[in-house]
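Line order of the protein sequences matches chains U and R. Here the first sequence stands for residues 1 to 227, numbered as in the UniProt record's numbering. Here the second sequence stands for residues 1 to 227, numbered as in the UniProt record's numbering. From the three backbone atoms N, C-alpha and C, an ideal C-beta is built for every residue, glycine too. Taking it in order: structure first as structure tokens, then the write-up.
Protein chains: 2
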Amino acid sequence: MTALRYCEPREAVAPSLDTTPDCALCGAFASATAAPRSPFAPGALLFRQGDAVRLVYRVLSGAVVSYRLLSDGRRQVTGFHLPGDFLGLEAGVEHATTTEALSRVDALAMERTELAGRAATDVGLARALWQVTVRAFRRSEDHALILARQGATERVAAFLLDFAERMGRPEIIDLPMTRQDIADHVGLTIHTVSRTLSQLQAQGMVEARSSRHVRLLQRHRLEGLCA
Amino acid sequence: MTALRYCEPREAVAPSLDTTPDCALCGAFASATAAPRSPFAPGALLFRQGDAVRLVYRVLSGAVVSYRLLSDGRRQVTGFHLPGDFLGLEAGVEHATTTEALSRVDALAMERTELAGRAATDVGLARALWQVTVRAFRRSEDHALILARQGATERVAAFLLDFAERMGRPEIIDLPMTRQDIADHVGLTIHTVSRTLSQLQAQGMVEARSSRHVRLLQRHRLEGLCA
DNA sequence: CGTACCATTGAGTTTTTTCAACTCGCGTGG
DNA sequence: CCACGCGAGTTGAAAAAACTCAATGGTACG
């Protein structure tokens, strides 16, 4: 069940300073005085950039996108969130991103104050919060590296591989986001993303069954691109 | 005194979920069974990418650069560290970066196991560790945004402003790193960085007294570039 | 004073963006 | 049922941005 992914991390990101894997956060959400929120419809906002952090979430189903809007209207997609992911933990007192449901989304909610209160007495929970943040940091640095140093082909390939990995390496990946979302995530225009996908398909690495369903035909070649 | 910067953060990055500013980490380093390490000479490595995390540091003086080497020889500078900064806290069991002294560097060292042990019983310390990581995460996301969406001029301007800010906004900023270091940080080539600086100078926003000493003449115009 | 490293600058090339046109799929309303 | 419109996606051609290659200039240090 992918909802438990962060309790059994398959990423090679080890916990910080100590090595205790930890599911305290999952437990906190499970036992929280939090109702499973009524599901979010596609396009619904879980929270907005600048909002005070009241609730934090754990995604149960569906997909979510987080982004920041720039003053000149450009948009930076900071990440996509899948079942098992936590939302809002790495925020300050204000949310740094707007977070929007891409599909129908079920999530567990928890009061930030309740979580903070528990962490103040529960060292295991405090450590878990830290670990989630460390993972988010690592993910962000990996992403920065791609943005700083890779061309369009590498960026798109890396995105596809990463997303497939997080989906559990299915035969065909079902992309819940638009090309624009991808472009705003990997720092390209929608045109370049589209062209690049067409090129990957022409080279036989990928098959686009429809624009939202992509089959990865030659994972090793894609991985080679991300050197 | 800049060495206490992280105890009195001037960044607008608030602590996570709760608002307690916290200097538990400073205290931990101050009272650690850690010798102030003999200073590092310029070019000396504090640790290497892939090393097990044995010691974590707090910089007292000098400047430090952290970077990751890619398989194809390219290099991504993840950040520069100044007095007051902590090094190695956001790492997993292995360091994700190589960290190198740019100048003569004095630092306090602490055993990772000692810090982890204290954090296991000291909730305040655990929270401080989390907050430092949250800040690193925010910094990384801000950086990713620049890399994803900004042109050369904006990148260089943002770098100069950020560095000046961290130095305490001196009249003239003294860059401890080479052009190559800057280029590898902002995701450009050394040539583009150099050209861009020349342009900023031609436009009167900056004065290069020498290649390592830059005076910011029109901060507002530079800030305008980073819109 | 020469060597080595860092930095700057110019010229040509590559990559990506921009601008524009066109296609596809899908739902709505005539 | 079909025409229409709309948003999403694709593709081509021209323009802009950044990179590569190459040469030159500057500075520190032996």
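Return the chain-ordered ranges of every beta strand (DSSP E) run that is complete within the stretch 14 to 74 of chain U and spans a minimum of 3 residues.
45 to 47, 55 to 61, 64 to 69
Return the CA-CA distance between serine 103(R) and leucine 217(U), expressed in angstroms with no decimal places.
49 Å
Starting from the beta carbon of alanine 152(R), find every residue of chain U whose beta carbon is closer than 9 Å, and list them in chain order.
The contacting residues do not exist; alanine 152(R) stays about 13 Å from chain U at best.
Phenylalanine 137(R): contacting residues in chain U (beta-carbon distance under 7 Å)
Per Cβ cutoff of 7 Å: Glu90, Thr133, Ala136, Phe137, Ser140.
Is the distance from the Cβ of phenylalanine 80(R) to the Cβ of arginine 58(R) below 8 Å?
no
Is DSSP giving threonine 133(R) helix, strand or coil here?
helix
Using only CA atoms, which one of Ser211(R), Arg212(R), Gly151(R), Thr99(R) lies nearest to valine 64(R)?
Thr99(R)
In whole angstroms, give me the CA-to-CA distance for aspartate 142(R) and proline 39(U).
31 Å
Keeping to the same chain, check which residues put their C-beta closer than 6 Å to that of aspartate 85(R); ignore five residues upstream and five downstream.
Val59
Per-residue contacts from alanine 107(R) into chain U (C-beta, under 9 Å)
Neighbours of alanine 107(R) on chain U: none; closest Cβ ~17 Å, over 9 Å.
With a threshold of 8 Å, are at least 3 pairs of Cβ atoms found where one atom belongs to the stretch 183 to 200 of chain U and the other to the stretch 143 to 159 of chain U?
yes
Going along the chain, which residues of its own chain have a beta-carbon closer than 6 Å to the beta-carbon of serine 66(R), five neighbours each way excluded?
The answer, listed in chain order, is Thr78, Gly79, Thr97, Thr99.
Buried or exposed: which applies to serine 140(U), given that a residue is buried once 16 or more other Cβ atoms fall within 10 Å of its Cβ?
buried
Boundaries of the alpha helix (DSSP H) in which residue 231(U) is found, first to last residue
A query on residue 231(U) cannot be resolved here, the shown segment of chain U reaching from 1 to 227 and no further.
Could you pull out every unbroken beta strand (DSSP E) segment of at least 3 residues lying fully inside the stretch 155 to 192 of chain R, listed in chain order?
172 to 174
In angstroms with no decimal places, state the Cα-to-Cα distance between alanine 52(U) and glycine 92(U).
Straight across, the Cα-Cα distance linking alanine 52(U) with glycine 92(U) is about 9 Å.
Should methionine 177(R) and leucine 82(R) be called a contact, given that it needs their Cβ atoms to be closer than 8 Å?
no
Could you tell me whether the Cβ of glycine 187(R) comes closer than 8 Å to any Cβ of chain U?
yes
Looking at chain U, is there any beta carbon in it that lies within less than 8 Å of the beta carbon of leucine 217(R)?
no
Please confirm whether arginine 68(U) and leucine 225(R) have their CB atoms less than 8 Å apart.
no
Going by DSSP, what residue range makes up the beta strand (DSSP E) through alanine 107(R)?
106 to 111
Let's test the definition: count the other Cβ atoms within 10 Å of the Cβ of glutamine 131(R) and tell me whether it reaches 16, buried, or not, exposed.
Residue burial is scored here from C-beta neighbours: glutamine 131(R) has at least 16 other C-beta atoms within 10 angstroms and is therefore classed as buried.
Taking the beta carbon of residue 231(U) as the centre, do at least 16 other beta carbons fall within 10 Å, making it buried, or is it exposed?
A question about residue 231(U) goes unanswered here, because the residues of chain U that appear run from 1 up to 227.
Do leucine 89(R) and leucine 129(R) come within 8 Å of each other at the CB atom, strictly closer than that value?
In contact: leucine 129(R) and leucine 89(R) (Cβ atoms closer than 8 Å).
Interfacial residues, the stretch 66 to 78 of chain R to chain U, with Cβ spacing under 8 Å
Arg68, Leu70, Ser71, Asp72, Arg74, Gln76, Thr78
If you measure between the beta carbons of leucine 147(U) and glycine 187(U), is that distance less than 8 Å?
yes
Are any of the Cβ atoms in chain U nearer than 8 Å to that of arginine 127(R)?
yes
Of the listed residues Glu114(U), Leu175(U), Gly43(U), Arg48(U), nearest to serine 211(U) (C-alpha basis)
Leu175(U)
Any beta-carbon of chain R closer than 8 Å to the one on leucine 55(U)?
no
If I'm right that alanine 116(U) touches arginine 37(U) with Cβ under 8 Å, what's the distance once you round it to whole angstroms?
Alanine 116(U) to arginine 37(U), Cβ: 20 Å. No contact.
Cβ distance (whole Å) where threonine 133(U) is taken to contact valine 134(R) below 8 Å:
6 Å
Bridge partners - leucine 87(U), DSSP secondary structure assignment:
Tyr57(U)
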